[in-house]
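Enquirer: Numbering (the UniProt record's numbering), first residue to last: 1 to 222.
Beta carbons: idealized from backbone N, C-alpha and C, even for Gly.
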Amino acid sequence: MVVNDIVINNECKWPNEWLSKHPSLATVATCIIDESKEDLTVWEAYADMHCEKEDVTWPDEWLSKHPSLATVATCIIDESKEELTVWEAYADMHCEKEDVTWSKIVWFSQNIPKHAFILWLAAQKRLTTQDRMKKWGSYDMMVCFLCTSDCDSNNHLFFQCSFASQFWNKVKQKIGLSSNAIEWKDIVRNMALKYNGSSIDSIVRRLGLAASVYLIWQKRNF
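1) Could you give the distance in angstroms between the alpha-carbon of Gln-124 and the alpha-carbon of Glu-61?
2) Excluding the 5 residues flanking Leu-69 on each side, which residues of the same chain have their C-beta closer than 8 Å to its C-beta?
3) What do you get for Asn-16, buried or exposed, if any count of 16 or more other CB atoms within 10 angstroms of its CB means buried?
4) Alpha carbons only, please: which of Arg-205, Tyr-195, Phe-158 and Ile-187 is nearest the one belonging to Gly-176?
5) Look at the alpha carbon of Gln-130 and the alpha carbon of His-156, and state the distance between them as a whole number of angstroms.
6) Is there contact here, the segment 84-95 with the segment 186-204, by at least three beta-carbon pairs under 8 Å?
7) Would DSSP call Arg-126 helix, strand or coil?
8) Can you tell me which of the three DSSP states Trp-58 falls into?
9) Return the residue from the list Met-141, Ser-212 and Val-106 that minimises the CA-CA distance to residue 224.
10) Below 6 Å CB to CB, which residues in the same chain sit around Gly-208 once its five sequence neighbours on both sides are set aside?
11) Output needed for Trp-14: all residues of its chain with C-beta closer than 6 Å, excluding positions within five of it in sequence on either side, in chain order.
12) Who are the Cβ neighbours of Thr-30 in its own chain at under 6 Å, not counting the five residues just before and after it?
13) Should Ala-122 be labelled buried (16 or more other beta-carbon atoms within 10 Å of its own) or exposed?
14) Following the continuous alpha helix (DSSP H) through Phe-163, name the residue where it begins and the one where it ends.
15) Kindly indicate which residue of Ala-210, Arg-132 and Tyr-90 has the alpha-carbon position closest to the one of Trp-168.
16) What residues in its chain sit with their C-beta under 6 Å from that of Phe-108, if we drop five residues either side in the sequence?
17) Grouping DSSP H, G and I as helix and E and B as strand, with all else coil, what is Asn-190?
18) In chain order, what residues of the same chain lie with their CB nearer than 6 Å to the CB of Ile-105, ignoring the 5 residues before and after it?
19) Is Ala-181 helix, strand or coil when you go by DSSP?
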């Protein structure tokens, strides 16, 4: 089958062979070919049919099949603006959220990606620690594998566990960190407030925290 078989007098017709097999095609509109116009892309053709002035409208055939579309807002076209980027479209669809205070101790170019990812989870208390697992059901023998003295949790692992505490204290000595914060939230807050710049000391201390969290979590799992 070639184009000439379905185009008659500049109008598309469904082939009889198709109609005999799929009678419902008779209810589906075909296109009209205007030789005076240049070829359009699929999107340009759609826009030409359904954009009225600066507003995009839902096609009537869509509305008849899905009336709920009438309640869904369409976009407004502003021709004074440059082409829309993927990032602008994403930002337009999602609510903007303020940066969290700890973002710069997690996301910085010198950080090791796998360290950053685990620290990101730990900063949000989203690691699968035993205290979270208990909420999913009844578990016996829930005890920290590093010190065997308590159920592990975000606060326990970072750095109240005796093993983790000794490890963290040695790291602090190496990186010249004098903070006495014990609670995880205080450690994160102090690091975020004091060491968020581009100096060598700031970067080294953030790297030390990220590496410590990653290695303790790795040790806990293996």
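Expert: Working from what's here:
1) Between Gln-124 and Glu-61, the C-alpha separation is close to 47 Å.
2) Only Trp-58, Trp-62 and Leu-63 meet the Cβ criterion.
3) Counting C-beta atoms within 10 angstroms of its own C-beta, Asn-16 has fewer than 16 neighbours from the protein chains shown and is therefore classed as exposed.
4) When only C-alpha atoms are compared, the closest one is Arg-205.
5) CA-CA distance, Gln-130 to His-156, rounds to 10 Å.
6) The answer is no - the segment 186-204 does not touch the segment 84-95, with fewer than three Cβ pairs under 8 Å.
7) In the displayed model, Arg-126 falls within coil according to three-state DSSP, outside both helix and strand.
8) In this structure, Trp-58 counts as coil in the three-state DSSP scheme.
9) Within the shown structure, residues of the chain are numbered from 1 to 222, placing residue 224 beyond reach of any answer.
10) Excluding its 5 nearest sequence neighbours in each direction, Gly-208 has C-beta neighbours in its own chain below 6 Å: Val-171 and Ile-175, listed in chain order.
11) Setting aside the 5 residues that flank it on each side, Trp-14 is surrounded in the same chain by Leu-25, each with a C-beta closer than 6 Å to its C-beta; the list follows chain order.
12) Cβ within range, chain order: Cys-12.
13) By the 10 Å Cβ count, Ala-122 comes out buried.
14) Start and end: 162-175.
15) Minimum Cα-Cα distance from Trp-168 among the listed residues Ala-210, Arg-132 and Tyr-90 corresponds to Ala-210.
16) Answer for Phe-108: no residue qualifies.
17) In this structure, Asn-190 counts as helix in the three-state DSSP scheme.
18) Excluding residues within five positions, the ones whose Cβ falls inside 6 Å are Met-191, Ala-192 and Arg-206.
19) If DSSP states are grouped into helix, strand and coil, Ala-181 belongs with coil.
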